[in-house]
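Accompanying notes for the structure given below.
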Amino acid sequence: MDRDRWGLNKSQRMQMKAFVCLLGLLLLVILLFGRLLLLLIHRQEDEEPPVPTPEPHVPVVELFANVWIVEADGEGLLIFREGKRERYPWGEMPGVGSAEGQEVVFPDPSLREQVADVEVTDGQVTSVSPRTDKINGKILGADDAGIEVEGYGKLPLAADYKGYRLYDSLEMCTAADLRFGYSFTDLCMENGEICALLMVKEEAMEYIRVLVKSSDYGGLFHDKPLVTCDTDFTVTYGPYDNQKQERHLAGEEVEFGYDSVYFETDRVRITPDVLTGKVVIKNCGRSQGIPSYRGQMEFLKTGDGIVAVNEVLLEEYLYSVVPSEMPAKYPFEALKAQAVCARTYAYGHMLHAGYPQYGAHVDDSTSYQVYNNILEHESTTTAVKETYGQLLLTETGDLAGTYYYSTSCGVGSDSNVWKTAAAPGLTYLQAKPLSRTAFAEAVAAMGYAADGAGVVEGDQSTGAGEAEGGETAGSGESLGESLREEENFRAFISTVREDDFEAGEGWYRWTYQVEELDREHMLENLQKRYAANDQLILTWKDGAYVSQAIESLDPVTDLYIAKRGSGGVADELIIEMGERKIKVITEHNIRYVLNDGESKIRRQDGSSVNSPSLLPSGFFVIETGKKDGNVIGYSLSGGGFGHGVGMSQNGARAMADSGYSAVEILLYFYDRCRIENIYG
Numbered sequence: 042m043d044r045d046r047w048g049l050n051k052s053q054r055m056q057m058k059a060f061v062c063l064l065g066l067l068l069l070v071i072l073l074f075g076r077l078l079l080l081l082i083h084r085q086e087d088e089e090p091p092v093p094t095p096e097p098h099v100p101v102v103e104l105f106a107n108v109w110i111v112e113a114d115g116e117g118l119l120i121f122r123e124g125k126r127e128r129y130p131w132g133e134m135p136g137v138g139s140a141e142g143q144e145v146v147f148p149d150p151s152l153r154e155q156v157a158d159v160e161v162t163d164g165q166v167t168s169v170s171p172r173t174d175k176i177n178g179k180i181l182g183a184d185d186a187g188i189e190v191e192g193y194g195k196l197p198l199a200a201d202y203k204g205y206r207l208y209d210s211l212e213m214c215t216a217a218d219l220r221f222g223y224s225f226t227d228l229c230m231e232n233g234e235i236c237a238l239l240m241v242k243e244e245a246m247e248y249i250r251v252l253v254k255s256s257d258y259g260g261l262f263h264d265k266p267l268v269t270c271d272t273d274f275t276v277t278y279g280p281y282d283n284q285k286q287e288r289h290l291a292g293e294e295v296e297f298g299y300d301s302v303y304f305e306t307d308r309v310r311i312t313p314d315v316l317t318g319k320v321v322i323k324n325c326g327r328s329q330g331i332p333s334y335r336g337q338m339e340f341l342k343t344g345d346g347i348v349a350v351n352e353v354l355l356e357e358y359l360y361s362v363v364p365s366e367m368p369a370k371y372p373f374e375a376l377k378a379q380a381v382c383a384r385t386y387a388y389g390h391m392l393h394a395g396y397p398q399y400g401a402h403v404d405d406s407t408s409y410q411v412y413n414n415i416l417e418h419e420s421t422t423t424a425v426k427e428t429y430g431q432l433l434l435t436e437t438g439d440l441a442g443t444y445y446y447s448t449s450c451g452v453g454s455d456s457n458v459w460k461t462a463a464a465p466g467l468t469y470l471q472a473k474p475l476s477r478t479a480f481a482e483a484v485a486a487m488g489y490a491a492d493g494a495g496v497v498e499g500d501q502s503t504g505a506g507e508a509e510g511g512e513t514a515g516s517g518e519s520l521g522e523s524l525r526e527e528e529n530f531r532a533f534i535s536t537v538r539e540d541d542f543e544a545g546e547g548w549y550r551w552t553y554q555v556e557e558l559d560r561e562h563m564l565e566n567l568q569k570r571y572a573a574n575d576q577l578i579l580t581w582k583d584g585a586y587v588s589q590a591i592e593s594l595d596p597v598t599d600l601y602i603a604k605r606g607s608g609g610v611a612d613e614l615i616i617e618m619g620e621r622k623i624k625v626i627t628e629h630n631i632r633y634v635l636n637d638g639e640s641k642i643r644r645q646d647g648s649s650v651n652s653p654s655l656l657p658s659g660f661f662v663i664e665t666g667k668k669d670g671n672v673i674g675y676s677l678s679g680g681g682f683g684h685g686v687g688m689s690q691n692g693a694r695a696m697a698d699s700g701y702s703a704v705e706i707l708l709y710f711y712d713r714c715r716i717e718n719i720y721g
């Protein structure tokens with residue numbers, strides 16, 4: 042076989058040559074591709090980069106509905122929206138130049154101080170639609186569906202309505218802030234709906250609107266009110282565009298049943314022909330018998346029944362409130378203090394109505410202030426007249442919360458007993474000692490001569506928290522704070538302090554003996570209070586107290602006050618059942634849970650009083666009786682009647698008997714407050 046020097050035959054040599062040719066060809070292709078790539082790179086470097094195609098601009102359009110235009114000038118709009126001021130320049134809109142270098146033309150000076158829909162495109166105003174259709178009238182009621190306006194009827198609220206308070210400082214408001222019985226607010230209309238509320242002014246209000254409950258305060262609704270007046274009177278009824286007036290003589294009776302012909306619309310008004318006339322609802326009983334009402338009476342037909350609303354002068358309302366809240370035989374300066382408290386409380390609800398759906402500020406029951414349950418009396422009426430228009434204000438000028446209660450145990454408490462979000466801010470409500478020594482020193486520190494007749498303006502600090510003479514702990518701690526300690530409070534409540542103003546009152550000290558603990562009744566009480574507020578009745582679980590429904594109550598192994606508030610009031614009660622524990626929070630809940638519904642309260646004067654649902658106060662200590670390790674009964678030694686916050690009425694009585702004035706009494710109980718006349 043023909044082989045070369047490498048030992049390859051002819052066929053193998055041919056294969057080798059073909060492989061070398063292929064390899065050379067491949068190398069040539071690689072060289073040509075590299076050269077081409079270099080040429081392309083250099084060409085791209087020499088050419089300008091291509092210009093990308095711009096994305097089309099999508100304008101950002103915002104529509105602000107029913108905003109308040111604060112100012113409209115050559116620069117643009119200043120609006121008030123959701124509680125904030127915002128400024129926007131003019132954009133392209135009819136009558137307004139916007140191109141660069143073009144003079145901006147002011148569009149319309151009437152735009153300022155108007156409600157409008159404002160369109161903003163890319164941050165510039167492109168459309169303004171003012172709401173120029175406005176109405177005004179006496180506001181009679183409001184709910185989620187709309188507002189009833191005298192002369193117009195019930196008007197629906199737009200879903201996106203806005204409210205603006207224009208007086209004092211510009212703020213947002215809602216229908217809940219309306220002043221019922223007054224025409225202080227303009228209503229902006231659009232397509233038959235209220236799109237904006239403009240609270241234009243706030244003036245001293247003279248009339249209060251009181252929801253009169255049915256007989257013996259049985260409920261909100263009346264069946265068939267039977268009405269007359271002690272003078273001639275007029276019944277006004279029918280639609281506003283065709284109202285009818287029907288005259289009646291004094292003593293004539295008119296019935297307003299659900300199907301009465303008078304209810305052509307939902308509201309009927311009864312007005313005595315003279316200002317001193319009184320309306321009588323003959324089938325509405327009170328403790329005085331059949332009451333008569335000053336002012337005018339309205340009957341509102343609702344889906345649940347007929348509501349009676351008495352519109353009456355605030356001062357005349359107080360003629361019937363003060364004797365219902367404090368006995369008319371109390372000393373005159375105490376009655377004057379009560380009148381100021383009652384007026385301040387009522388005025389607060391005139392600002393924020395309790396029954397906006399019926400256009401009523403308050404009702405006539407203990408839910409607010411008892412009204413017209415007791416006959417008017419000369420002493421209480423005179424007390425109201427001599428404090429005409431006087432309100433109690435805090436040092437910041439707000440209405441004070443003029444809480445009061447019957448009798449103290451020698452000291453009060455503060456507003457934290459209620460565990461509300463607002464309570465910590467009510468610093469003018471302090472745990473004041475009600476002793477003669479503490480009060481005399483506080484009056485001396487007030488810095489003015491209180492003669493019982495005047496209104497005090499300016500900041501008047503009582504300084505009562507610094508009273509000496511045994512009213513502070515050794516470290517300077519106030520009496521109220523020192524009584525948070527169980528040992529201190531036990532020593533305090535077990536003695537009668539002759540220096541205390543109310544030491545002679547029956548409720549100053551009392552005892553309550555439960556011979557046999559009724560677990561079923563206690564469980565029922567716990568469940569009721571849990572239903573009322575499940576954050577104030579807690580159960581021990583996995584090392585912490587949690588909110589959990591209580592299904593049963595095991596034998597009780599211990600019962601004690603774990604925490605006291607200022608003044609020593611019971612703040613937390615622990616009910617132990619072996620490993621199980623329940624915590625009851627607030628003095629009100631504790632007073633409810635520990636009341637067995639049968640045992641009587643024995644007062645310090647020896648009298649016994651029924652206590653069907655609530656213990657007299659939260660100022661007490663507990664002693665338990667046990668058998669085989671379980672609590673079989675308990676006894677309470679306590680004092681006072683009521684929650685202990687604000688003015689003690691019997692304390693005020695004793696202070697007035699000692700020659701102190703209403704002003705001195707009020708400025709002691711309501712720390713750093715002042716008295717001003719709302720009517721100037």
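Here the sequence shown is numbered in this note's numbering, starting from 42 and rising by one per residue.
Backbone N, C-alpha and C fix where the C-beta goes; we use that ideal spot for every residue, glycine too.
- By a beta-carbon distance limit of 8 Å, L219 does not contact V348. Their separation comes to about 18 Å.
- Its Cα nearest to that of F530, the residue S607 stands out among G584, S607, C714 and E116.
- A direct Cα-to-Cα measurement between T598 and V625 gives close to 16 Å.
- Shown here for Y334: same chain residues with a beta carbon closer than 8 Å to its own, the five before and five after excluded, namely V253, K319, V320, V321, I322, N351, V353 and N413 in chain order.
- Per DSSP, T627 lies in no alpha helix (DSSP H) and is assigned neither H nor E.
- Judged by DSSP in its simplified three-state form, V99 adopts coil rather than helix or strand.
- Within a 10 Å sphere around the beta-carbon of H390 sit 16 or more other beta-carbons, which makes this residue buried.
- V166 places its beta carbon less than 7 Å from that of G132.
- Counted as a single uninterrupted DSSP element, the stretch harbouring R531 is not any beta strand (DSSP E) but the alpha helix (DSSP H) occupying residues E527 to I534.
- In this model, L475 and T435 are separated by some 21 Å (Cα to Cα).
- The beta carbons of V452 and L520 sit closer together than 7 Å.
- Per DSSP, I322 is one residue of the beta strand (DSSP E) stretching across V320 to I322.
- In the DSSP assignment, G619 falls outside any alpha helix (DSSP H), carrying neither H nor E.
- Taking 7 Å as the cut-off, the Cβ atoms of P332 and F297 do not count as close.
- Per DSSP, the beta bridge partners of P313 are F274.
- Boundaries of the alpha helix (DSSP H) around G521: L520 to S523.
- I71 carries a helical assignment under DSSP once its states are collapsed to helix, strand and coil.
- DSSP places I706 within a helical segment (H, G or I) once states are collapsed to three.
- The secondary-structure analysis by DSSP pairs C214 across a beta bridge with G204.
- Minimum Cα-Cα distance from V362 among the listed residues D345, D404 and Q398 corresponds to D404.
- Contact between R126 and V111 holds, since their C-beta atoms are separated by about 6 Å, short of 8 Å.
- A distance below 7 Å between beta-carbons, with the five flanking residues on each side excluded, links S588 to the following residues of its chain, in chain order: D575, Q576 and L579.
- For T423, the enclosing alpha helix (DSSP H) has its first and last residue at E419 to E427.
- Inclusion of I631 and G659 in the CB contact set at 7 Å is warranted, their separation being smaller than that value.
- The stretch 700 to 708 and the stretch 612 to 629 do not touch, with fewer than 3 CB-CB distances between them shorter than 8 Å.
- Annotation for N566: the continuous alpha helix (DSSP H) segment containing it runs R560 to A573.
- Pairing N566 with Y675 gives a Cβ-Cβ distance that is not under 7 Å.
- M55 and L73 have their C-alpha atoms some 27 Å from each other.
- A residue is called buried once 16 or more other Cβ atoms fall within 10 Å of its Cβ, and L316, having fewer, is exposed.
- One thing to note: E293 has its Cβ no nearer than 7 Å to the Cβ of V276.
- In the DSSP annotation of this structure, the continuous segment of the alpha helix (DSSP H) that includes D698 starts and ends at Q690 to D698.
- A375 carries a helical assignment under DSSP once its states are collapsed to helix, strand and coil.
- Of the residues G260, Y202 and D209, the one whose Cα lies closest to the Cα of A237 is Y202.
- If you draw a 10 Å sphere on the C-beta of C62, you find fewer than 16 other C-beta atoms in it, and that means exposed.
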